[in-house]
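Peer 1:
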Amino acid sequence: MTLQTMENNRLESAEGLARQSVEAHLEFLGQQIQIVRAQIEIHIDNHPDLKRQQDLLSTIPGIGDSTAATVLAFLSPLDRFPSVKQVVAYAGLNPTVRQSGQWAGKTPIAKAGNALLRKALYLPAVVAKRYNPLISAFCNRLLLNGKRPMQLVVAAMRKLLHLAFGVLKSGKPFDPEFKVA
Numbered sequence: 011m012t013l014q015t016m017e018n019n020r021l022e023s024a025e026g027l028a029r030q031s032v033e034a035h036l037e038f039l040g041q042q043i044q045i046v047r048a049q050i051e052i053h054i055d056n057h058p059d060l061k062r063q064q065d066l067l068s069t070i071p072g073i074g075d076s077t078a079a080t081v082l083a084f085l086s087p088l089d090r091f092p093s094v095k096q097v098v099a100y101a102g103l104n105p106t107v108r109q110s111g112q113w114a115g116k117t118p119i120a121k122a123g124n125a126l127l128r129k130a131l132y133l134p135a136v137v138a139k140r141y142n143p144l145i146s147a148f149c150n151r152l153l154l155n156g157k158r159p160m161q162l163v164v165a166a167m168r169k170l171l172h173l174a175f176g177v178l179k180s181g182k183p184f185d186p187e188f189k190v191a
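Going by this note's numbering, the first residue of the sequence shown is number 11, and it counts up by one from there.
1. Locate the alpha helix (DSSP H) running through Lys129, then write down its first and last residues.
2. Please classify Asn142 as buried or exposed, where buried requires at least 16 other C-beta atoms within 10 Å of its C-beta.
3. To which residues of the same chain is Arg20 closer than 6 Å at the C-beta, ignoring the five residues directly before and after it?
4. Taking only the alpha-carbon atoms, compute the straight-line gap between Asp185 and Arg29 and give it to the nearest angstrom.
5. First and last residue of the alpha helix (DSSP H) that includes Ser23?
6. Just tell me which of Pro87, Leu85 and Thr80 has its CA closest to the CA of Tyr132.
7. For Pro105, name the three-state secondary structure that DSSP assigns.
8. Among Pro183, Gln14, Arg62 and Phe175, which has the Cα closest to the Cα of Lys95?
9. So, Leu36 versus Phe84, is the Cβ gap smaller than 8 Å?
10. What residue from Lys179, Pro118 and Leu82 has the CA that sits closest to Gly102's CA?
11. With respect to the alpha helix (DSSP H) encompassing Ala34, which residues constitute its N-terminal and C-terminal limits?
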């Protein structure tokens, strides 16, 4: 997809034969992306356990089949993560402390984890802020506490990862009424 973006940017300034070449390359890239997506879909459909896990993840408002496939690709097998904290750290969504002496800066996310997983969770988190009742209420609480908009999105990404881990570990579909003790 990055290559496709680069070619789209080149298309803006290309003329004549160069433009035709870039357009042909864009068409080829589009076809290849469709082929890979179809292969991923076939692979998941041919493995009942993966299909069941994708269906479970898709019950979470904000996570569609594409995001579910990406989460499964990065987190499988789930047994290697004993706790949700390790999943969050793997994704690089855990806060880091920045301080020196008495000075204490903001606490940004670690970014030491998997950037592709973070990227895959960004838009679902934006959608979940609006359509997932749990995440929407959570973000509203954070907003009232003075958090900035980007902090809300990162918190929603982290919460989505928590929900995904819980749904996969329990084997039960998402339930917005479920209360943690």
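The beta-carbon is built from N, C-alpha and C at its ideal position, and this holds for glycine as well.
Peer 2: On the basis of the supplied data:
1. Per DSSP, Lys129 belongs to the alpha helix (DSSP H) from Ala125 to Tyr141.
2. Counting other Cβ atoms within 10 Å of its Cβ, Asn142 reaches 16 or more and is therefore classed as buried.
3. Excluding sequence neighbours, Arg20 sits near Val32.
4. The straight-line gap from Cα to Cα measures roughly 51 Å.
5. Counting along the chain, the alpha helix (DSSP H) containing Ser23 begins and ends at Thr12 to Ser23.
6. Comparing Cα-Cα distances from Tyr132 to each of Pro87, Leu85 and Thr80, the minimum goes to Thr80.
7. Per DSSP, reduced to three states, the secondary structure at Pro105 is strand.
8. It is Phe175 whose Cα lies nearest to the Cα of Lys95.
9. Not closer than 8 Å, so no.
10. Checked all of Lys179, Pro118 and Leu82; the closest Cα to Gly102 is Pro118.
11. Counting along the chain, the alpha helix (DSSP H) containing Ala34 begins and ends at Gly26 to Asn56.
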